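These notes concern the structure reproduced below.
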Amino acid sequence: MAKPDGTLDPAQLGGGWLRNYRPKSKSRAKSAQGAEVTQPCAEIPTDVAHYFGWDFPEYSEETTDAVGVFLTIGDHCRKDLETIGIAATHYGSGLLDREAYKVGWRGGGEPPPDLGLSKMADADPIGPEEVFDDLNSQLLNFGLVRRFGRAMAPDDPNDKDAVPFDINDPIIVASRMIHLAVHFYMEDLKRRRRGLGIVSPRGKAFLKKEVADGEEK
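Be aware that the sequence shown starts at 814, since it is given in our numbering, and climbs by one per residue.
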C-alpha cells in the first residue's frame, strides 16, 4: 500500500511490490515524470545494500556526481545514474581496448581472412593458465569466445545494424558483450520505470528527439 507521497513502507520491500505496483492514475504518472528520477519506494534494506556493496563510498551521491562531471555528461543527465552507468562502462571498455592496442591488438573493421587466432585449438586457454568463469565453471578458452561470437550473430543478413567482426578475437567479442550487457540493463530499467510512471532524463531526451525527427519527416 503506497503512502500519499507515493513512497512505500520499508517492510514492503521484501515482496514483489516492484512487479505489482502501478500508479493509480495518469495524474500521478504525469507528476512523476516531472520529478527527480527516484523510485517510489523507501530505502534499500541495510543488509541488502551492504551485501551488494551499495553502501560503499563510491556509490555516494557526491562520488556519482563527480563521475558525471569527469565523464562530461550534460547537466540535465549528470545526476542520472542510468546515464553515468552507461557512460562509465563504455569508458572502461575503451580504456581496455586502448591498452590492448598498445601491445599489438588491431581489431575493428572487416576481419581479415586469418588473424592467427583461428589456428589455435578451441581448447587453448586464454592467458598463461586455465581459468574458470564464475557462472557455470566453464573454462575460459578460445572455443568459448567463438561460441559467444556466433551467438551474437554478427553477420545476420536480416539485421541491418549487424557489423561483421572476427569471432576469433576475444577482445572484440568481449567488447561487444559489454555493450550488449549495458543494453540489457538499460532496457529492463526503462521497463521498470515506465511501470512506475517514471521517465528518466535520458528517456525524455530520446522522446524529444523522436518528436523532432517526426516533425522533420
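Every residue, glycine too, gets a C-beta built ideally from N, C-alpha and C.
All of these numbers come straight from a predicted model, not from anything done at the bench.
Where residue i falls, given that 16 or more other Cβ within 10 Å makes a residue buried
| i | result |
| --- | --- |
| F955 | buried |
| G881 | buried |
| T885 | exposed |
| D968 | exposed |
| F978 | buried |
| T896 | buried |
| G917 | exposed |
For residue i, the three-state DSSP class (helix, strand or coil)
| i | result |
| --- | --- |
| F869 | coil |
| F997 | helix |
| Q846 | Residue placement at Q846 is flagged as unreliable, the pLDDT there being 40, under the threshold of 50; the coordinate-derived value follows with that caveat. Q846 falls in the helix class under three-state DSSP. |
| P938 | strand |
| L1002 | helix |
| L952 | strand |
Residue i, enclosing alpha helix (DSSP H) - first and last residue
| i | result |
| --- | --- |
| S906 | 894 to 915 |
| L957 | 955 to 964 |
| V880 | 874 to 883 |
Length of the line joining the Cα atoms of residue i and residue j
| i | j | result |
| --- | --- | --- |
| D910 | R1015 | 26 Å |
| S906 | W867 | 22 Å |
| A936 | S950 | 15 Å |
| E1028 | K1021 | 11 Å |
| A1018 | A1025 | 11 Å |
| A994 | G920 | 20 Å |
| T859 | P870 | 14 Å |
| F997 | V976 | 19 Å |
| P938 | A987 | 15 Å |
| M965 | D974 | 12 Å |
| L953 | G940 | 9 Å |
| Y864 | M933 | 41 Å |
Residue i beta carbon near the ligand ATP (any heavy atom closer than 7 Å)
| i | result |
| --- | --- |
| S873 | No copy of the ligand ATP occurs in the structure displayed, which carries no ligand at all. |
Contact with chain E by residue i, beta-carbon distance below 8 Å
| i | result |
| --- | --- |
| D1001 | Of the protein chains in this structure there is only one, and it is not chain E. |
Exercise for the section: Please confirm if the stretch 979 to 991 is in contact with the stretch 956 to 970, defined as three or more CB-CB distances below 8 Å between the two stretches. Expected result: Yes: the two stretches touch, three or more of their Cβ pairs being nearer than 8 Å.
Practice task
Would you check if there are 3 or more beta carbon pairs closer than 8 Å linking the stretch 883 to 897 to the stretch 1006 to 1015?
Solution key: Output reads yes: the stretch 1006 to 1015 touches the stretch 883 to 897.
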